[in-house]
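Protein chains: 2
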Amino acid sequence: MKAMEKLFDRIIQRVNINLREQGYDVGPWVRDLIPIQQFKKFYAFYGITPNHPLDFQFRDSSLAGSYFLGKCKVTGSILYKSDIRGDELKKKDDFFRFKDLNIQLSRDEEFDIEDSYLIKTLVHCFTHDPETLETFFIKDTVSSHYANIHGSPVEGCFLGPFSTIDLTTAHDSIIGAFTYIQAGEIAHLNIDPGTIWIRSPGNFNFFYKYPLDRLSRYIHFQPGSLPQGLLIDFVEDRQEAFQRVFEVVNIEPAVDVPNNASVDRFAVIKPTTTISENVLVAQRAFLQNAFLGNGANAQENCYIVNSRLEGNNVTAHGAKIIEADLGKTVFVGFNSFLRGRPDARLTIGQDSIIMPHTIIDTKEPLTIPAGQVVWGLITDQKELADNSISQKAFAKVTDGMSKGAMVFEGSGATFIAGFRDRIRHILETNGAFFSTNQTKGHAQRNQKISFNTIQPYPDGELEGFYPTIIIKQ
Amino acid sequence: MKAMEKLFDRIIQRVNINLREQGYDVGPWVRDLIPIQQFKKFYAFYGITPNHPLDFQFRDSSLAGSYFLGKCKVTGSILYKSDIRGDELKKKDDFFRFKDLNIQLSRDEEFDIEDSYLIKTLVHCFTHDPETLETFFIKDTVSSHYANIHGSPVEGCFLGPFSTIDLTTAHDSIIGAFTYIQAGEIAHLNIDPGTIWIRSPGNFNFFYKYPLDRLSRYIHFQPGSLPQGLLIDFVEDRQEAFQRVFEVVNIEPAVDVPNNASVDRFAVIKPTTTISENVLVAQRAFLQNAFLGNGANAQENCYIVNSRLEGNNVTAHGAKIIEADLGKTVFVGFNSFLRGRPDARLTIGQDSIIMPHTIIDTKEPLTIPAGQVVWGLITDQKELADNSISQKAFAKVTDGMSKGAMVFEGSGATFIAGFRDRIRHILETNGAFFSTNQTKGHAQRNQKISFNTIQPYPDGELEGFYPTIIIKQ
């Protein structure tokens with residue numbers, strides 16, 4: 006595996022050059038995370054459908070266990086069990102609205118991943134950067150377990166485990182574990198673990214920081230060792246269930262799926278799960294004794310266990326919902342960990358927004374009323390009071406507020422309206438409203454999809470490396 | 006499946022143009038052979054190994070269930086469950102000896118398949134045509150179930166089921182069912198079913214023709230219906246066993262395999278089979294209660310059932326051996342059907358040559374002495390006498406002979422020596438002598454091989470069509 010080792014060293018070097026100002030060496034953080042033999046153990050795969058224009062170009066890379074859907078170029082990179090979606094890439098001639106500009110795309114948008122090492126990272130499409138609408142680049146970047154790179158071109162960055170960078174172009178920055186950033190554009194920042202930061206320049210700024218001593222129970226990451234904590238344990242305990250899903254060529258869903266809904270063949274569905282109309286269950290979602298009402302979606306790397314979701318629920322990438330009852334249109338953001346107990350269920354009222362990277366871990370029954378906004382770390386009723394507010398009250402904030410460890414500046418109404426808009430948009434693109442308005446979304450369009458597998462050289466100098474692979478329409 | 010139907014019509018038209026002189030229409034023969042829905046049911050796959058230079062280019066084609074190993078270009082073609090091997094393609098700068106010429110290759114040899122429709126056809130490499138050493142072309146050609154295109158560029162041909170064209174370049178010709186041709190170069194011929202014809206211009210000519218009324222019990226083929234007969238029934242009865250092999254991603258051999266032998270993961274191995282040293286079992290071989298002695302090989306589409314092969318045996322593509330005991334270095338040629346019965350075993354002595362397309366179907370115990378040559382249709386002792394001769398006696402023929410329905414012209418010594426040379430060459434390239442002379446062959450080199458799967462568009466205008474796929478080193 007000489008070539009693999011060389012590639013690995015080269016990527017680390019490139020990221021370090023970008024982070025040189027901060028004197029940062031990503032080597033000790035990631036060098037021994039994945040034993041080199043793992044890179045030839047898992048097939049990668051890409052989807053073939055008439056709905057997604059095909060254009061894959063893989064060169065000088067290792068792609069173990071990774072999944073590709075949209076147009077994607079990968080060069081000199083290691084993508085380990087990553088998930089590069091692409092069913093929302095912009096198309097040639099589409100218009101992109103940016104303030105008072107209406108920018109037309111000169112070609113289809115595509116992913117361009119170069120000199121990067123992504124571990125179990127979800128990359129989802131549609132860059133929101135008006136400077137680079139056609140190219141969703143990921144360059145000179147290392148990201149760790151269950152990071153989300155969501156509509157965010159990145160260059161010269163290091164992303165910690167369970168971090169999310171959302172609708173934000175990032176240059177030469179370090180994003181700590183479990184940190185969520187949505188900030189338009191950032192450069193040369195080193196952001197602490199457990200930071201939740203949502204900024205819309207001129208409109209608002211939302212900021213929360215986890216108490217590190219308490220966050221570490223859920224996730225901590227140090228150079229020279231694997232990410233550790235409850236979040237990792239939770240995922241690893243359920244890893245075996247995915248094995249069977251990956252070891253057969255075709256698999257029938259273990260549950261009835263209405264013909265306007267879709268359950269990805271790489272999802273795990275355990276008894277006794279109910280899939281209602283217009284539901285989307287993405288690859289690598291895990292459902293166990295879960296009720297998904299009409300129009301609910303379960304996105305990549307999410308877990309829904311012993312829980313009931315009434316309908317039009319968004320369960321975002323990496324969110325976990327355990328022993329909980331969620332009303333209609335409850336939104337659960339990226340990588341949130343919501344855990345009730347069998348004898349102390351968590352109840353969340355209709356229309357509530359659980360912000361990305363929220364941890365609710367309760368041993369007593371806990372009820373969140375309808376129409377709340379909830380964030381941060383909550384283990385009991387008191388912390389819930391400190392870390393939530395009604396959307397109605399929030400919308401009345403005109404000049405900032407602080408609550409518990411959260412600080413907000415700017416217009417609450419804009420913040421809440423933006424969030425509600427985005428939730429509606431997510432539901433629409435996922436096909437939640439198909440039965441009502443006949444607008445097809447992923448739930449309807451992803452029903453017929455073939456998956457082709459690719460594997461690396463099994464032996465020799467190039468062991469672990471994939472050949473050059475070009476797939477076109 | 007509009008595009009599929011169009012492609013289908015186009016191929017038939019092209020073949021018919023090439024066969025216009027003979028007023029032949031292949032349409033009725035093949036139009037309804039494979040229901041069009043079948044073309045999207047099976048994944049195709051290609052092998053990745055450090056030992057075979059990678060270069061696959063698939064365009065505007067359907068490849069259902071087909072397997073690819075060596076460099077191969079497929080354009081505007083339908084390959085249905087075909088097997089395009091390529092582990093003996095010539096390399097750039099290799100020399101090819103033709104009479105007193107020594108021709109150097111200008112580039113690696115590659116398959117170039119265009120405007121053709123191959124059904125369950127085995128294509129194996131290394132063209133012997135000095136005019137086209139770098140390109141093994143298959144153009145404007147239709148071939149039917151279990152045909153073998155072996156080292157034979159073809160153009161404008163129609164090959165019937167279980168036919169073999171071996172080391173022969175063929176233009177604008179019709180090859181009947183179960184016909185075997187090895188003739189250097191042929192053009193504008195229409196060769197009857199059940200013809201066995203081996204010609205080396207200036208050296209010898211071997212000719213045998215099956216009685217058609219008796220051959221039809223084994224194989225017959227008429228326009229508008231599927232190929233029928235015992236050979237088809239035999240294969241179909243065992244088709245289910247292959248399903249499991251294809252439906253899992255990885256599979257462990259169900260038998261001990263010495264580390265200098267290899268059993269392809271797409272072979273079926275039933276109890277209780279023994280694999281000895283330096284054995285090669287190829288993809289789509291079927292072994293049941295089979296003993297394979299040191300250096301034996303079981304090639305693609307062969308079946309070995311309740312039989313014992315002592316060692317260094319060649320069981321060529323599509324050969325079937327049932328209830329038989331074969332001495333060392335027995336050669337069983339392409340598509341031969343050798344069937345003893347549990348209470349009437351067939352015994353074949355050491356070094357015997359069973360010519361390609363031989364049928365031995367005996368209900369009484371039958372013993373073929375060591376060192377024989379055997380051909381044609383044999384159901385009892387008398388027919389064996391009519392259809393065999395000792396290699397010793399054959400080698401003494403200087404000016405032709407006839408025996409039963411077989412006619413031979415030319416030098417028996419050259420014929421026998423050529424055959425023995427070829428058997429030695431086959432054993433060597435398959436790795437049979439590795440333990441003796443350390444020359445690696447397929448048995449040793451094919452141990453580490455990854456298989457990548459490819460599938461067609463599952464829906465839409467291009468349903469059944471594969472995207473453009475380019476795989477390179």
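In order, the protein sequences belong to chains A and G. Position 64 (the first sequence) corresponds to 69 in the working numbering; numbering is contiguous. Position 99 (the second sequence) corresponds to 104 in the working numbering; numbering is contiguous. Where a beta carbon is used, it is the ideal one built from N, C-alpha and C, also for glycine. Note that this is a predicted model, so its numbers are computed, not measured.
- Residue nearest to E26 of chain G within the set G:I326, G:N294, G:D177 is G:D177 (criterion: CA-CA distance).
- P58 of chain G is outside the set of residues whose beta carbon lies under 7 Å from a beta carbon in chain A.
- DSSP lists no bridge partner for W380 of chain G.
- Rounded to whole angstroms, G75 of chain A and P198 of chain G show a C-alpha spacing of 50 Å.
- About 19 Å separates the beta carbons of S148 of chain G and G469 of chain G, which is beyond the 8 Å limit, so they are not a contact pair.
- The Cβ atoms of D218 of chain A and R19 of chain A lie no closer than 7 Å to each other.
- With respect to the 7 Å criterion, F247 of chain G and V273 of chain G are classified as neighbours on the basis of their beta carbons.
- For S87 of chain A, the number of other beta carbons within 10 angstroms of its own is at least 16, and it is reported as buried.
- Neighbours of N255 of chain G in chain A, taken as residues at a C-beta separation under 8 Å, are given in chain order as E252.
- Beta-bridge annotation (DSSP): Q443 of chain A is not paired with any residue.
- Between T80 of chain G and chain A, the shortest Cβ-Cβ separation is not below 7 Å.
- Boundaries of the alpha helix (DSSP H) harbouring L235 of chain G: 235-242, taken from the DSSP string.
- Think of a sphere of 9 Å around the beta carbon of Q244 of chain G: no beta carbon from chain A falls inside it, the nearest being about 17 Å out.
- For the C-beta of S71 of chain A, not a single chain G residue is nearer than 9 Å; the gap to the nearest is close to 14 Å.
- Counting along the chain, E305 of chain G sits inside no alpha helix (DSSP H), nor does DSSP assign it H or E at all.
- Not flagged as an interface residue toward chain A: Q233 of chain G, since no C-beta distance is shorter than 7 Å.
- For P463 of chain A, a Cβ of chain G is located within less than 7 Å of the residue's own Cβ.
- Judged by their CB atoms, I394 of chain A and V319 of chain A are not nearer to each other than the 7 Å cut-off.
- Excluding its 5 nearest sequence neighbours in each direction, T140 of chain A has C-beta neighbours in its own chain below 6 Å: D117, listed in chain order.
- If the five residues before and after A69 of chain A are omitted, its C-beta is found closer than 6 Å to the C-beta atoms of F44, F47, Y85, all from its own chain and listed in chain order.
- A contact between stretches requires three or more CB pairs, one per stretch, nearer than 8 Å, and the region 332-345 of chain A meets this requirement with the region 354-365 of chain A.
- What Q460 of chain G touches in chain A, judged by beta-carbon distance under 9 Å, is I53, S455, F456, N457, going in chain order.
- Scanning G:G181, G:I203, G:C130 for the CA closest to the CA of A152 of chain G turns up G:G181.
- Annotation: the continuous beta strand (DSSP E) that includes M411 of chain G extends over 411-415.
- In the assembly as shown, E466 of chain G is an exposed residue. Its beta-carbon has fewer than 16 other beta-carbons within 10 Å.
- In the structure shown, T352 of chain G falls within a strand segment according to DSSP collapsed to helix, strand and coil.
- CA-CA distance, W380 of chain G to A324 of chain G, rounds to 13 Å.
- Take the alpha-carbon of I124 of chain G and the one of S71 of chain G: they are about 9 Å apart.
- Rounded to the nearest whole angstrom, the C-alpha separation of D65 of chain G and S82 of chain G is 7 Å.
- Taking C-beta atoms under 8 Å as the contact rule, H447 of chain G and N457 of chain G fail to qualify, at a distance of about 20 Å.
- Collapsing the DSSP output to three states places D99 of chain G in coil.
- Around S121 of chain G, the same chain offers S82, I143, T146 as residues with beta carbons nearer than 6 Å, after the five sequence neighbours per side are excluded.
- In terms of beta-carbon proximity, T473 of chain A lines the interface with chain G, with at least one pair separated by less than 7 Å.
- With a threshold of 7 Å between beta carbons, I476 of chain G makes contact with chain A.
- Per DSSP, reduced to three states, the secondary structure at V319 of chain A is strand.
- In this structure Q443 of chain G is exposed. Its beta-carbon is surrounded by fewer than 16 other beta-carbon atoms within 10 angstroms.
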